[in-house]
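Numbering-wise (UniProt numbering), the sequence shown opens with residue 1 and increments by one.
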Amino acid sequence: MAPYTLVEPLNPQQKLSPSGAPETPMEEELAVNDERNHDEQMECEENSAENMPDFVMEPQVFDVLGTFFKCGGEPDVVIDSLSDNYASLGQICNVLGDMLEDLEGSRTSVEQCYESTLSKLILERFQPELADKIFDSEDGHELEWLAEFISHKNSRHLVYSLVEKHPDSTLLNYCMKLISEEGFQNEISHLNITTQRRELFSSVLLSAIDAVLKEHRRGPMTDAYEKAFEKLVKVVCHGEHTYLYTQALLHVMSVEEQGMEAAACAHISQSLRAVIQERGQDPSQLYIALLQSNGEHIAPDAIQAMHIMVDKKCLNPADISVLYREYTSPNPPPVELIRDPYFLDMLIDSLFAYDGVKVHKEYLSMYIYLLAYATCVGEKKNNGVRTQNRRDLDPTRDVIEELLTLLRSKVDLAKEVKRLLNSIEVPVVAAGMLHYLRGVLLSKDMIGRPQVVHLVLLDQIATSHPNLQMRVFGIICDLYDRHTSSQDLTEEVMERQRVVIDRFVHLLSVGLVLPVVEKMSRMYRDGYIDSSLMRYFAIEVLQIVCPPYSQDFTEVFLPIVSNKEIFIPTIHDKFELAKEFVDHCAQQLNSSTTSLTSH
């Protein structure tokens with residue numbers, strides 16, 4: 001048995017007190033705390049004195065001083081450290097700014113000088129690792145200054161420049177996220193970093209799409225719409241991956257949504273595809289691939305036939321026969337395959353060309369069948385099973401064949417106007433007739449003497465089919481340009497221009513308001529129409545409109561009516577409608593101003 005001991009042996013690791021006795025646990029803890037406090041005091045002194053000139057002006061000065069005093073720091077040390085390190089750099093800048101303001105006479109120029117200089121210094125000396133370390137150590141409350149920082153345009157542009165140089169910085173990417181959330185997507189759409197971050201690009205893309213849809217509701221083909229769509233094109237066509245992502249997103253939305261939302265997505269997708277097509281690239285394979293992404297099995301022969309014709313921009317009987325065989329089979333491919341807008345345009349051109357049908361009689365029925373099938377067969381998919389409604393297929397084929405027979409017969413269309421008006425109630429027949437009318441009205445034989453029946457059909461198509469109004473608008477614009485470049489007598493040319501202006505007025509009356517008025521204003525500004533014809537247009541419009549007028553209409557039409565070159569002051573009183581319109585707009589403006597003032 002081991003002998004009893006009255007005192008435990010000393011632990012070699014145990015420290016001794018100054019008296020030589022071992023330290024108790026409490027004494028050890030106090031010693032450790034004293035050592036830690038001393039280290040923290042030294043760290044605070046280093047932060048405030050050596051590394052931070054003008055530390056008293058820094059936002060973290062109170063936190064550092066609080067820690068220093070908590071650790072037993074002496075006030076005298078703090079005062080000496082802060083005063084010795086005070087260089088008054090900020091105050092010197094203020095004094096210099098006041099001197100520059102006296103010399104320049106403008107405070108704005110001084111502030112711009114400061115901001116540009118500071119931005120250059122930050123760009124040169126920015127350290128992303130240090131910035132990210134500080135960013136990661138701060139909580140949300142301490143980052144509230146960022147919201148105010150990005151509210152200034154110059155600060156945002158500084159962030160854009162920094163993030164291009166340091167795309168992996170956590171702080172800068174967080175700033176970009178805040179900027180996007182604050183609604184400044186239009187500023188960051190051109191940045192490379194935007195196309196490399198899915199969340200950022202999605203935000204910018206949706207903002208650009210919203211702008212396009214907003215302007216489209218006001219009226220397609222307006223100046224504002226063209227600018228919005230141009231910005232969307234820049235965003236989408238930044239690279240192949242951005243175009244692919246956008247088309248895939250629009251395709252999913254057009255499939256999952258219904259009604260106007262689905263139609264809008266499909267329309268934007270087709271418009272973007274048209275831009276790519278105009279740039280000499282072929283996006284048809286992507287179009288077909290997206291169709292197959294829905295789980296649809298499409299025969300390789302049908303895919304190859306479509307790709308060949310769309311790629312070469314030319315139809316051929318062999319590939320048409322392949323498609324005809326597929327779509328007359330018991331299990332046809334999805335109708336979306338032949339609803340390719342380029343394919344439909346080629347079908348219409350082959351059948352309704354002004355200079356005659358471009359299809360051999362042996363294959364004519366196949367072309368007609370595919371055109372009717374693509375435009376009138378309804379299709380739904382429930383639980384993975386696709387069902388089709390072919391109720392209107394045969395009637396549509398019959399109407400197309402009847403119209404083609406009538407056009408080939410070379411009879412006087414004026415005698416068949418009733419049949420023609422009934423035929424163009426069918427949308428695809430109206431589209432075909434419109435293609436035929438374009439050829440007639442713009443041909444050299446008819447340019448000087450269009451028949452009334454042609455103009456009647458043109459007006460009726462615009463009235464019955466809003467989706468074709470932009471095509472009608474394009475024909476009328478081309479027709480006016482053709483008349484303007486004519487070498488005939490001035491009186492004859494002006495009379496023809498009046499006829500075209502009547503078509504513009506009719507388009508305006510059926511809903512295409514802003515594009516028509518902006519087109520007329522642009523032609524007058526560019527010298528393609530004189531003041532007498534502009535006055536004629538304005539009077540015709542005033543005869544069919546009445547209050548209340550929308551703000552959009554007032555903004556584009558009032559400058560025409562109030563133009564002293566169009567409505568000369570000496571004869572202005574003779575046009576009561578013009579005077580009433582100007583007075584009404586003035587009252588409307590005054591009432592709006594009064595309402596805003598009262599609020």
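For glycine and all other residues, C-beta sits at the position ideal for the given N, C-alpha and C.
- Here His-152 is exposed: its Cβ has fewer than 16 other Cβ atoms, across all protein chains shown, within 10 Å.
- Rounded to whole angstroms, the separation of the alpha carbons of Thr-67 and Glu-101 is 41 Å.
- Looking at the DSSP output, Gly-439 shares a beta bridge with no other residue.
- For Thr-195, there is no enclosing beta strand (DSSP E); the enclosing alpha helix (DSSP H) has its first and last residue at 192-196.
- In summary, Lys-231 is buried, with 16 or more beta-carbon neighbours lying within 10 Å of its beta-carbon over all protein chains present.
- Annotated three-state conformation of Lys-380 is strand, per DSSP.
- Around the beta carbon of Asp-301, fewer than 16 other beta carbons sit within 10 angstroms, so the residue counts as exposed.
- Boundaries of the beta strand (DSSP E) around Asn-389: 385-389.
- Per the C-alpha coordinates, the member of Ser-509, Met-494, Glu-495 positioned closest to Gln-460 is Ser-509.
- For Leu-437, the closest alpha carbon among the candidates Val-472, Phe-504, Leu-118 is that of Val-472.
- Contact between Tyr-342 and Gly-439 is ruled out by a C-beta separation of about 19 Å, above the 8 Å threshold.
- A straight line joining the alpha-carbon of Leu-479 with that of Val-500 spans about 7 Å.
- Annotation for Gly-97: the continuous alpha helix (DSSP H) segment containing it runs 89-104.
- Counting along the chain, no alpha helix (DSSP H) covers Gln-127, and no H or E run does either.
- With fewer than 16 other Cβ atoms inside 10 Å of its own Cβ, Ile-568 counts as exposed.
- A Cβ-Cβ separation of about 6 Å places Glu-336 in contact with Leu-291 under the 8 Å criterion.
- Asp-319: member of the alpha helix (DSSP H) spanning 317-327, first to last residue.
- Looking at the backbone, the Cα of Asp-530 and that of Val-517 are separated by about 15 Å.
- The straight-line gap separating the alpha-carbon atoms of Thr-242 and His-216 is approximately 23 Å.
- With 16 or more other CB atoms across the displayed protein chains lying within 10 angstroms of its CB, Pro-332 is buried.
- For Leu-403 against Gly-432, the beta-carbon gap comes to about 7 Å, under 8 Å, which counts as contact.
- It is roughly 13 Å from the alpha-carbon of Leu-65 to the alpha-carbon of Asp-80.
- Within the same chain, Cβ atoms closer than 7 Å to the Cβ of Arg-386 are found at Pro-334, Glu-379, the five residues on either side in sequence being excluded.
- Pro-395 is not a Cβ neighbour of His-360, given a cutoff of 8 Å.
- Taking 8 Å as the upper bound for CB-CB distance, Leu-146 and Leu-178 are in contact here, some 6 Å apart.
- Non-local C-beta neighbours of Pro-220 in its own chain, meaning closer than 8 Å and more than five positions away in sequence, comprise Met-470, Pro-515, ordered along the chain.
- Counting other Cβ atoms within 10 Å of its Cβ, Ser-207 reaches 16 or more and is therefore classed as buried.
- Ranked by Cα distance from Ile-539, the options Gly-527, Gln-551, Ser-562 are led by Ser-562.
- Of the residues Ser-521, Leu-200, Ala-262, Lys-574, the one whose Cα lies closest to the Cα of Val-235 is Leu-200.
- Pro-450 counts as buried, since no fewer than 16 other beta carbons sit within 10 angstroms of its beta carbon.
- Taking C-beta atoms under 8 Å as the contact rule, Leu-406 and Leu-434 fail to qualify, at a distance of about 15 Å.
- In the same chain as Arg-339, and ignoring 5 residues on each side of it, the C-beta atoms closer than 6 Å to its own belong to Ala-374, in chain order.
- In the displayed model, Gln-270 falls within a helix according to three-state DSSP.
- Leaving aside the five residues that flank Leu-442 on each side, the residues in its chain whose CB is nearer than 8 Å to its CB run, in chain order, Ile-475, Asp-478, Leu-479, Arg-482.
- Going by DSSP, Asn-173 is part of the alpha helix (DSSP H) stretching over 170-181.
- Classified as buried, Arg-503 has 16 or more neighbouring CB atoms from the shown chains inside 10 Å of its CB.
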